[in-house]
C-alpha cells in the first residue's frame with residue numbers, strides 16, 4: 001500500500017483508496033500532554049517566584065539554612081503515578097519545593113493499566129497522602145529519600161525491580177506531636193528515580209544544623225523496660241531513613257556514661273543522645289559538661305565560669321518522669337523527639353552547677369528537697385510495683401507519719417528587678433524573654449575567672465597608721481537569707497513540665513533567661529499542702545498561697561539545721577580518752593604561751609633596756625625555763641623496761657645469763673623510785689559466769705534498740721535531695737545557674753498548646 005493513499009472499505013469489505021495531501025501540507029500533530037503540563041508548571045513557578053519577591057513567604061515548619069543550587073537553575077519535571085493516577089511532578093530549586101499536578105485536570109483521571117498497577121499497590125494507600133488536595137511539599141520538610149524496590153530473597157539493597165521513589169517527611173498529629181510521613185512517587189525507570197534521589201540527597205546533605213553522626217546512650221530498663229524494642233522498631237528506622245549514622249551503647253551501671261564520655265572521640269559525632277528518663281539525661285549531661293571543662297583545662301571549683309558544651313544533646317524520653325523532654329517539646333513522645341533531632345531543632349537551656357562545702361558535685365536542671373526527696377526514696381523502695389510505684393510513693397509520702405517540715409537556712413543572691421517571677425510570664429515557643437537573652441549573647445566567658453572582689457585600698461584603708469588588723473569593707477553583701485521550717489524546697493532552672501504537672505512544676509520559669517526559681521513551701525497543715533499539690537494538675541496558680549515563697553535568683557546556698565538530742569547516751573565516748581586529750585591540749589597551749597612570752601620579753605628588753613639589764617633578764621628567763629630531763633629519763637626507763645627480757649634472750653644475743661641477771665637487778669633497783677602509773681599489773685583472769693553473759697547480752701540488745709531509735713529521730717529531722725530524679729544524701733549544697741551553656745533538642749512548648757486537668761492518685765483535679 002502507498003503511504004500517501006488512505007484506504008477505506010465498502011460494505012462488502014473491498015478496499016477503497018483515497019489520496020492524502022503531501023506531508024508538507026499536513027497539519028502538525030498536537031503537542032504531547034506532558035509538554036503542555038510542563039509549560040503550565042513553568043508559568044506557575046514564575047508567578048510564585050514573583051509573589052516571593054513581592055514579600056510573600058512560604059509557611060515553613062523549620063528554618064532552612066541551605067541552598068540547593070544557584071538561582072536560575074531550571075526546574076526538573078517528570079511523570080510519576082500517585083495511587084494509580086498520573087501526575088507531572090516538578091522540583092523547583094528556586095522555590096525549594098516539590099509540587100505536582102494531574103496530567104488531565106479537567107477530564108477523568110488516567111488510571112494505570114491493571115497489570116502494571118498491581119506491581120505498585122503493596123498497601124492500601126501507597127502514596128501516604130491523606131489530604132487529596134495536597135499538591136506540594138517544602139523541601140526543608142524532607143529528611144530522607146529512598147528508591148523503593150521489590151527484592152527477592154538474597155538480593156541486596158541496590159538490586160530488585162524498581163517501584164518508585166519514597167520521600168520521608170513529617171506531619172503534625174497534634175500541636176506538640178509529630179509523626180513520620182512517607183510520600184511515594186511510583187515510576188519503574190531506574191534512571192529517573194536515581195536522578196531524583198541524587199538531587200534530593202544533595203540538598204539534604206548541604207543542610208546546616210542537621211546531625212550526620214550521633215551517639216546514643218540507651219537505658220534499656222527505663223520506664224516500662226521496653227527501651228530496646230522502641231529503639232529497634234521506631235527510633236533506628238527513622239535515623240536510617242534520614243541517612244544518619246548511629247553508634248548506640250546500652251547503659252549497664254551508673255558510671256557507664258561517665259567512663260565512656262572520658263574516652264569518647266567527641267569530634268566524630270554531631271550530637272549525643274540520652275534515651276531514657278531524667279536520670280539518664282542527668283548522666284549524659286554530666287559526662288558532656290565535664291568533658292567540655294576538661295578540653296578547656298578549666299578547674300571545676302566554686303565560682304568558676306564553665307565552658308559551653310561542644311555538641312548539642314538530644315533527649316529521647318522513654319522513662320516515667322521526663323521533665324526535660326516535656327519542657328522542651330511539650331510531650332514525652334519518642335518519635336517526636338527523634339524528628340526534632342533529625343531536623344536539628346536546638347534550643348539553648350540554662351543549667352545549674354551544684355557544689356558541696358568542699359568541691360564541685362554535679363550538673364543539674366532541677367533539684368528538690370523535702371517532700372520530693374522522700375517521694376523519690378519511696379519510689380526506689382517500691383520499684384517492684386512497676387508503673388504503679390509513683391502512685392504508691394506519692395501516697396506514702398503524704399501520710400501523716402512521713403509528711404513533715406524541715407528546718408533549714410536558704411541564702412541566695414536575687415536576680416535583677418526586671419526578672420520577677422510574680423510577673424506571671426509563661427515560657428513558650430518564641431518567648432520574648434529567652435529570645436532577647438539569646439540575642440544579647442552569653443556574657444559568661446569560656447575561661448576560668450577568680451571570683452574575687454576588687455577592693456579600693458585607698459578607700460578601705462584610710463592611712464597606714466590607722467590601719468588595723470582587720471579590713472572592713474563598706475560594700476553591702478548581695479546575699480539574702482530565708483530561714484524557717486519548709487515542707488519542700490525546690491530549685492528550678494527549667495519549668496519541669498511532666499504528666500502530673502502539664503504546665504510545669506514551676507510554670508513561670510524560663511528556659512534561657514539566666515535565672516533559677518526557688519520555691520519554698522512553709523510548714524502548713526496536711527490539707528493545705530495537698531491543695532498546693534493539686535494545683536499542679538490544673539490551670540490554677542499554685543504560687544498564690546500565702547505559705548509559698550517564690551524567689552528568682554542567681555545563686556543559692558542551702559544549709560539544714562539538724563537538732564542534736566541528749567536523750568541518748570554516746571556509747572563510743574571514753575572518759576579516759578577525753579581526759580588525756582584535754583591534758584595534751586592544755587600542755588600544748590601552755591608551751592605556746594610560754595614561748596610567746598619569751599619572744600615578747602626579749603624584744604622589749606632589747607629595745608628599751610640597757611645591755612646589762614637585758615643580759616640579767618635574759619639570764620633570769622633562762623632560769624625560768626624547764627630544763628629538767630624528766631621526759632628523757634622516762635624514755636630511758638621505757639627503753640630499759642623493754643630490754644628486760646630475761647637471761648635467755650640476753651644469752652641468745654651473745655650475753656651470759658649472769659649478765660642478764662645482774663642487769664635485771666639493776667633495772668629493778670631503778671624502778672623503785674619511778675611512778676607506779678607507768679606499769680600495768682595484770683590480775684587473775686576469771687571465766688565469765690552465765691549471769692555475766694546474760695547481762696552483757698541484754699546490754700547489747702538495749703544498745704541496738706537505742707541506736708535504732710536514735711537513727712529514726714535523725715531520719716525525721718532530715719531528708720534527701722532529688723536532683724533530676726537521682727538521690728543525693730549530701731545535704732549542704734550550693735547552686736549556681738549558668739545561661740545557655742547547652743543546646744538541647746526541641747523548640748519549646750507551642751503557644752497554642754492546650755492542657756487538660758490531671759487528677760493524680762486520690763487528689764482532686
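Residue numbers (UniProt numbering): 1 to 765. Where a beta carbon is used, it is the ideal one built from N, C-alpha and C, also for glycine.
1. Check whether the Cβ atoms of residue 161 and residue 150 lie closer than 9 angstroms to each other.
2. According to DSSP, simplified to helix, strand and coil, what is residue 327?
3. Short check: CB of residue 262 to CB of residue 316, under 9 angstroms?
4. Give the straight-line distance between the Cα atoms of residue 66 and residue 729, rounded to the nearest whole angstrom.
5. Quick check: the Cα distance between residue 345 and residue 217, rounded to an integer number of angstroms?
6. Mind checking who residue 362 pairs with in its DSSP beta bridge?
7. Buried or exposed, going by whether 16 or more other CB atoms sit within 10 Å of the CB of residue 496?
8. Among the candidates 510, 157, 102, 755, whose CA atom is the shortest distance from the CA of residue 82?
9. Under DSSP, the alpha helix (DSSP H) around residue 286 begins and ends at which residues?
10. If you pair each beta-carbon of the region 363–373 with each one of the region 281–293, do three or more pairs fall below 8 angstroms?
11. Hey, which unbroken runs of the beta strand (DSSP E) at 3 residues or more fall wholly within the region 229–283?
12. Using CA coordinates, which residue listed in 511, 179, 174, 187 is at the minimum distance from residue 163?
13. Is the separation between the beta-carbon of residue 766 and that of residue 356 shorter than 9 angstroms?
14. Over what stretch of residues does the beta strand (DSSP E) that includes residue 373 continue unbroken?
15. Quick check on residue 445: buried or exposed, where buried means 16 or more other Cβ atoms within 10 Å of its Cβ?
16. Determine the burial state of residue 582: buried for a count of at least 16 other Cβ atoms within 10 Å of its Cβ, exposed for fewer.
17. Can you give me the Cβ contacts of residue 300 inside the same chain, cut-off strictly under 7 angstroms, excluding the 5 residues immediately before and after it?
18. With a CB to CB cut of under 6 angstroms and the five nearest residues on each side skipped, what residues in its chain are close to residue 643?
19. What residue range does the beta strand (DSSP E) around residue 739 cover?
20. Assuming residue 553 is part of the alpha helix (DSSP H), what are its boundary residues?
21. Answer yes or no: the CB of residue 425 versus the heavy atoms of the ligand FAD, is any distance below 8 angstroms?
22. Using alpha carbons as the reference points, say which of 224, 484, 193 lies closest to residue 146.
23. Quick check: residue 508 and residue 550, are their CB atoms within less than 9 angstroms of each other?
24. Use the C-beta contact count for residue 312: other C-beta atoms within 10 angstroms, 16 or more gives buried, fewer gives exposed.
25. Restricting to Cα atoms, I'd like to know which of 253, 279, 747, 247 is closest to residue 266.
26. Identify, in the order they occur along the chain, each residue of the same chain with its Cβ nearer than 6 angstroms to the Cβ of residue 308, setting aside the five sequence neighbours on each side.
27. Skipping 5 residues on each side, what residues in its chain have a beta carbon closer than 8 angstroms to that of residue 469?
28. Using the Cβ count rule (16 or more neighbours within 10 Å means buried), how would you classify residue 225?
29. Between the beta-carbon of residue 537 and the beta-carbon of residue 757, is there less than 9 angstroms?
30. Tell me the DSSP secondary structure of residue 299 in three-state form.
31. Using DSSP with H/G/I as helix, E/B as strand and the rest coil, what is residue 151?
32. According to DSSP, which residues form a beta bridge with residue 213?
33. Exposed or buried, what is residue 854 when buried is set at 16 or more other beta-carbons lying within 10 Å of its beta-carbon?
34. Would you kindly report the start and end of the unbroken beta strand (DSSP E) that includes residue 412?
35. Check whether the Cβ atoms of residue 178 and residue 284 lie closer than 9 angstroms to each other.
36. So the candidates are 314, 271, 191; which of them puts its Cα closest to the Cα of residue 211?
Based on what the coordinates show:
1. Yes; because the gap between Cβ atoms is below 9 angstroms, this pair is in contact.
2. Looking at residue 327 - three-state DSSP - the assignment turns out to be helix.
3. Taking 9 angstroms as the Cβ cut-off, residue 262 and residue 316 do not qualify as a contacting pair.
4. Legend: pLDDT at residue 66 = 44, less than 50; position of this residue unreliable, no value from coordinates given.
5. Rounded to the nearest whole angstrom, the CA to CA distance from residue 345 to residue 217 is 20 angstroms.
6. Note: residue 362 sits in a beta bridge opposite 354.
7. Residue 496 is classed as buried because its beta carbon has at least 16 other beta carbons within 10 Å across all chains shown.
8. Ranked by how close their Cα comes to the Cα of residue 82, the residues 510, 157, 102, 755 have 102 in first place.
9. That run of the alpha helix (DSSP H) goes 278–295.
10. Touching, yes, given that three or more Cβ pairs across the two stretches are closer than 8 angstroms.
11. Every beta strand (DSSP E) stretch that sits fully inside the region 229–283 and reaches 3 residues is listed by chain position as 245–250, 271–276.
12. In this structure, 187 is the residue among 511, 179, 174, 187 with its C-alpha nearest to the C-alpha of residue 163.
13. Shown here, the chain extends from 1 to 765; a query on residue 766 therefore has no answer.
14. Taken as a continuous stretch (DSSP letters only), residue 373 belongs to no beta strand (DSSP E), being part of the alpha helix (DSSP H) at 371–381.
15. With a pLDDT of 38 at residue 445, under the threshold of 50, the modelled position of this residue cannot be trusted; read the value that follows with caution. Exposed is the label assigned to residue 445, since fewer than 16 other Cβ atoms lie within 10 Å of its Cβ.
16. Counting the other Cβ atoms within 10 Å of the Cβ of residue 582 gives fewer than 16, which makes it exposed.
17. Within the same chain, Cβ atoms closer than 7 angstroms to the Cβ of residue 300 are found at 293, 360, the five residues on either side in sequence being excluded.
18. Below a pLDDT of 50, predicted positions are generally treated as unreliable, and residue 643, at 45, falls in that range; the measurement from the model is reported next regardless. Within its own chain, no residue has a Cβ closer than 6 angstroms to the Cβ of residue 643 once the five positions on either side in sequence are excluded.
19. Judged by DSSP secondary structure, residue 739 falls within the beta strand (DSSP E) whose first and last residues are 733–745.
20. Boundaries around residue 553 are those of the beta strand (DSSP E), 548–560, since no alpha helix (DSSP H) includes it.
21. Of the ligands one can find in the structure shown there are none, so the ligand FAD has no counterpart to examine.
22. Checked all of 224, 484, 193; the closest Cα to residue 146 is 193.
23. In this structure, the beta-carbon distance from residue 508 to residue 550 falls below 9 angstroms.
24. With 16 or more Cβ atoms within 10 Å of its Cβ, residue 312 is classed as buried.
25. Checked all of 253, 279, 747, 247; the closest Cα to residue 266 is 247.
26. These residues qualify, in order along the chain: 741.
27. The predicted position of residue 469 is uncertain, since its pLDDT is 38 and thus under 50; a value taken from the coordinates is nonetheless stated next. Contacts found: none.
28. That one is exposed.
29. Judged by their CB atoms, residue 537 and residue 757 are nearer to each other than the 9 angstroms cut-off.
30. In the structure shown, residue 299 sits in coil (DSSP, three-state: anything other than H, G, I, E or B).
31. Coil, per DSSP.
32. Partner residues in the beta bridge of residue 213, as assigned by DSSP, are 245.
33. The first residue shown for the chain is 1 and the last is 765, placing residue 854 beyond what the model contains.
34. In the DSSP assignment, residue 412 falls within the unbroken beta strand (DSSP E) covering 406–414.
35. Contact flag unset, no.
36. If we check each option's Cα against that of residue 211, 271 comes out closest.
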